[in-house]
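Novice:
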Amino acid sequence: MSVQLSVDGRRVDVNVDPRTTLLDLLRERLDVIAPKKGCDHGQCGSCTVLLDGRRHLTCLALAVAQDGAEIVTAEGLAGGPDGEHDLHAMQRAFLEHDGYQCGYCTPGQICSAVGMLAELADGHPSHVSPDLTAAPKATDEEIRERMSGNLCRCGAYVGILAAIRQSAQASA
Amino acid sequence: MEHREGALGKDALTLWLVQSTIARGRVLDVDAEAALAHPGVVSVLDHTNAPILGQGVDEPDLELMVLQSTEVRFRGQVVAAVLAESAEAAREGAALVRVSYAEQDAEVEFGPDTTLEIPDKVNPDYDATSDDGDVDAALAQAEVVVDQTYRTPYEHNNPLEPHATTALWDGERLRLVEASQGPYAVASSLAPLLGLDVADVVVTSPYVGGGFGSKGMAHAPAMTAALAAITAPRRPVRLAVTRQQMFALTGYRTRTVSHFRLGARPDGVLVAIDHDVVEQTSRWKEFAEQTATSTRTMYAAENRRTVHRLARLDVAVPSFMRAPGEMPGMFAHEVAMDELAVACGVDPIVLRERNEPTVDPETGKPFSRRRLVECLQRGAELFDWAERPDDARSRADGVWWVGTGVASSTYPAKVMPANQATVTSCEAGEYRVEVGAVDIGTGSRTAMKQIAADALGVDPSCVQLEMADSSIGPATVAGGSSGTASWGAAVVAAAQLFRADHGDSPDPGLQTTASAADIPAAEDHALHSFGAIFAEVRVHRWTGELRVPRLLGVFSAGRIVNPVLARSQFYGGLIMGLSSGLHEDSYRDPRFGHVVTQDLASYHVAAHADIGDVRAEWLDEEDFVVSPMGTRGLGEIGIVGTAAAIANAAFHATGVRVRSLPVTADSFVS
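If you're matching them up, the sequences are chains X and Z in order.
For the record, in the first sequence the residue sitting at position 25 is 39 according to my numbering, with numbers rising by one throughout.
For the record, in the second sequence the residue sitting at position 217 is 230 according to my numbering, with numbers rising by one throughout.
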């Protein structure tokens, strides 16, 4: 089946098997390998991208359902494969605060963090928000809660928190 | 395995594993008809058509003898594999394969009636038993006795990157891109079974997404990919093990039951330590977790005894998981020490100080460095230990009981022999340094470059480092906290010999290969790192929910080559320790022996919201008895003792003693 979508600013028109997940389309067909497959069941967050501006698990999305979608992966945040000198502020913060160890969960963490800060800015409350009607703040507790869909088995959470905290302050 | 350059992946076929659904018996038939009829399926491998392995090999590793017989030894064993043009077709094909079995009775769990054996050795080559003095007599006369049983569950490593192999057979050589902690180890274990020279199996592991021991040896999927590649020459075969399959095929930590008896004087000075371990292995390949070995070295006592007993079961093969032995053994020992402190009315840190040995109790050798007491004291300072109330259940903050706990940590320092490195001079004062090291996320690429630059006396930018390739030559695994010291010692040896042979301004193209030099003093010393772990635990008065707002580790782990990398290892160990303390539990189905909690939604690991203020510090030191860089290794020590510190803090908060992991809410609501 034919779908058209935008991946990291590139227009893509592909025929896909109806069983193909968005993650497999990106990695196996389009050679966009920033999103990682850690569980294929929406349990680890390694495959997180920004889909139409919101963080999304690509392993739980079927490619055929994404016609017209705009997808930004961690690679796209940096301005593409050659974008090493043009890293997104969140990526620079992860580097600065050692927010990773093996790096496998990192592209998902970074996309999730960017999407999470946008949700905060939009006023979405979380499980730990003390007042569901007030504008939530980027406290450590809020960041930890909202980032808990992205597992890091190496245990780099200390650096991840520091990186996101810095980005949140910079964008506040 | 992530890499764009030099990938074998173009035009690859996808391989999907079919696993047994019985624990023990024989495969009667593999019906592949429906699978082969599915569009895109190329072939189905089973025991009738797989290439033959292990010819002329005595006692081949049965874990790697994939598809070689009809025998089923555990539920989840590879009984067929489907090769297809796409992942979708391979997966669908695998679901269409029908396997019929003749089932036999299986024994998949151990209990009071299980036949136990004392193995010849425990991992990797420690004695299974030790016995000094007269433990029974000392315990009979001891004024204070702690006599309790401690349990740790089955645990799975679960690196975020699943195991994956890409294999290409060009008719003479097998090339594998493998998610591995030891490419040379993979090459040297697969090659003989395939009837190939080690040099004809080239394994590369350029980027690896964590391992924690599970990628420390070749497992069945890698061999399955190799077999499939041989049946499809010149086309790469890709196999990605699913998260669910990892729970059966890539190793795990055994459940352990530790019966501890501590005998002491009223002031807490130990007179007897008795540690009796019961654990399990698979019936057909032994891995005996060295659960009691740290007990032999930890504290002074005249009378000491340890024993490991193994149940041999029809289950998947256990293997290395971060600090095999020390992690479960020290959980038991350090909770027992906390119980002794309570029984004697002595502060837990003072108790440990009173039992500090002057030499290694096991061997009588002096320690190269033993700074446990300094770690405890520095940690006490950082953690405001002096303000801690003596009594349990004496501090509350709203609906939360609040407590703090401490535990000691230790891990042996090892420098593995059989590493070699090559230094070659290049143009413009640059050097190429080759060593079969691998970076699984620890930063060993950075550390090796630093060590090479140091040893050559040049700037790191002048070093081109080649690693993670079995064809570089013999190298040991990224495991046992031994990588930096072992590979680094070879790099230092090669650099020094290069300078001795070719001087400080060599012409380009000169080359020296060397192995690590022996350090004679190492033989005469006990080589261990030590640490102290502190935890604050809050337990909800009504729900029993546990939180760990503060976790601190202070370590004496030799020279720190790179503080950023070191801190990350300590944090990672502490957080995996917290994870084991609160969450991890591979629940085994008692009927079939497979893991029921076989994904990350049911096998819980620490998520970001579980983490509070985590801190790690280390004592400045160098240990040249262990390695020429003065390092001792630090990948594992952070996990050791952490779960005990949490259990001890939970006791201090609530007065409820939990002796089995994970420590969960149900223990605190009655």
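Note that CB positions come from ideal geometry on N, CA and C, so glycine has one too.
Exposed or buried, what is Ile588 of chain Z when buried is set at 16 or more other beta-carbons lying within 10 Å of its beta-carbon?
Specialist: buried
Novice: For Asp147 of chain Z, which residues of its own chain have a beta-carbon under 7 Å away from its beta-carbon, when the five flanking residues on both sides are left out?
Specialist: Asn316
Novice: Quick one: is Val78 of chain X near chain Z, going by C-beta distance under 8 Å?
Specialist: Not one chain Z Cβ lies under 8 Å of Val78 of chain X.
Novice: Taking the alpha carbon of Gln524 of chain Z as the point to measure from, which residue in Z:Arg266, Z:Thr435, Z:Arg458 has its own alpha carbon closest?
Specialist: Z:Thr435
Novice: Identify each residue in the segment 561-589 of chain Z for which the Cβ-Cβ distance to at least one residue of chain X is less than 9 Å, and report them in chain order.
Specialist: Val577, Leu578, Arg580, Ser581, Gln582, Tyr584, Gly585, Gly586, Leu587, Ile588, Met589
Novice: Evaluate the contact criterion for the segment 155-163 of chain Z versus the segment 208-217 of chain Z: three or more CB pairs, one atom per stretch, below 8 Å.
Specialist: no
Novice: Using a cut-off of 7 Å between C-beta atoms, extract the partners of Ala100 of chain Z located in chain X.
Specialist: Asp38, Glu42
Novice: Could you name the residues of the same chain whose beta carbon sits closer than 7 Å to that of Arg580 of chain Z, not counting the 5 residues immediately before and after it, in chain order?
Specialist: Hits under 7 Å: Ala629.
Novice: Mapping DSSP to helix, strand and coil, what is Gln509 of chain Z?
Specialist: The DSSP-derived three-state label of Gln509 of chain Z is helix.
Novice: Would you kindly work out how many angstroms separate the C-alpha atoms of Glu72 of chain Z and Ile286 of chain Z, rounded to a whole number?
Specialist: 38 Å
Novice: For the candidate residues X:Gln180, X:Gly129, X:Arg167, X:Ser162, whose alpha-carbon lies nearest to that of Asp66 of chain X?
Specialist: For the options X:Gln180, X:Gly129, X:Arg167, X:Ser162, the alpha carbon positioned closest to that of Asp66 of chain X is the one of X:Gly129.
Novice: Can you tell me whether DSSP reads Glu120 of chain Z as helix, strand or coil?
Specialist: coil
Novice: Just list the alpha helix (DSSP H) runs in the segment 500-544 of chain Z, keeping only unbroken ones of 4 residues or longer that don't cross its boundaries, in chain order.
Specialist: 533-536
Novice: Would you identify the three-state DSSP class for His621 of chain Z, choosing helix, strand or coil?
Specialist: Of the three classes helix, strand and coil, the one that applies to His621 of chain Z here is helix, per DSSP.
Novice: Along chain Z, in chain order, which residues have C-beta atoms closer than 8 Å to that of Asp54 of chain X?
Specialist: Thr255, Arg256
Novice: I'd like the span of the alpha helix (DSSP H) that includes Glu72 of chain Z, first residue to last.
Specialist: From DSSP, Glu72 of chain Z is part of no alpha helix (DSSP H); its letter is neither H nor E.
Novice: Hey, does Gly222 of chain Z have any beta-carbon neighbour from chain X nearer than 8 Å?
Specialist: yes
Novice: Cα separation between Val86 of chain X and Gly93 of chain X?
Specialist: 10 Å
Novice: Can you tell me the Cα-Cα spacing of Pro219 of chain Z and Ala502 of chain Z, whole angstroms?
Specialist: 21 Å
Novice: Ignoring anything shorter than 3 residues or poking outside the segment 552-624 of chain Z, list the beta strand (DSSP E) runs there in chain order.
Specialist: 559-569
Novice: Name the DSSP bridge partner or partners of Val216 of chain Z?
Specialist: Z:Leu189
Novice: Among Z:Pro379, Z:Asp360, Z:Val372, Z:Trp413, whose alpha-carbon lies nearest the alpha-carbon of Ala399 of chain Z?
Specialist: Z:Asp360
Novice: Under the three-state reduction of DSSP, which class applies to Ser295 of chain Z: helix, strand or coil?
Specialist: strand
Novice: Could you spell out the range, first to last residue, of the alpha helix (DSSP H) harbouring Phe273 of chain Z?
Specialist: Taken as a continuous stretch (DSSP letters only), Phe273 of chain Z belongs to no alpha helix (DSSP H), being part of the beta strand (DSSP E) at 269-277.
Novice: Kindly list the residues whose CB is nearer than 8 Å to the CB of Val428 of chain Z, restricted to its own chain and excluding five residues on each side of it in sequence; keep chain order.
Specialist: Here the set comprises Ser495, Ala498, Ser499, Ala502, Ala529, Ile532, Ala535, Val639, Ser640.
Novice: So, with DSSP's three-state summary, where would you put Asn29 of chain X?
Specialist: The answer is strand: DSSP assigns Asn29 of chain X an E or B state.
Novice: What residues of chain Z sit near Ser126 of chain X, judged by a beta carbon separation below 9 Å?
Specialist: Simply none; closest approach about 10 Å.
Novice: When you check each C-beta in the segment 409-425 of chain Z against every C-beta of chain X, which residues fall closer than 8 Å?
Specialist: Residues of the segment 409-425 of chain Z that bring their beta carbon within less than 8 Å of a beta carbon in chain X are absent altogether.
Novice: Quick one: does Pro196 of chain Z have its CB under 8 Å from some CB of chain X?
Specialist: no
Novice: Can you tell me which of X:His138, X:Ala107, X:Ala182, X:Gln105 puts its alpha carbon nearest to the alpha carbon of Arg68 of chain X?
Specialist: X:His138
Novice: Where are the alpha helix (DSSP H) runs, 4 residues long or more, that stay fully inside the segment 81-151 of chain X, in chain order?
Specialist: 88-91, 103-110, 120-135
Novice: Please compile the residues from chain Z whose C-beta is within a distance smaller than 8 Å of the C-beta of Asp22 of chain X.
Specialist: What Asp22 of chain X touches in chain Z: nothing, since even the nearest Cβ is about 15 Å away.
Novice: On the premise that Glu302 of chain Z lies in contact with Val135 of chain Z, defined as a C-beta separation below 8 Å, what is that separation, rounded to the nearest angstrom?
Specialist: 7 Å
Novice: Do the CB positions of Phe543 of chain Z and Leu385 of chain Z come within less than 8 Å of each other?
Specialist: yes
Novice: Would you call Gln582 of chain Z buried or exposed, if buried means 16 or more other Cβ atoms sit within 10 Å of its Cβ?
Specialist: buried
Novice: Using DSSP bridges, identify the partner residues of Phe547 of chain Z.
Specialist: Answer is Z:Val419, Z:Leu565.
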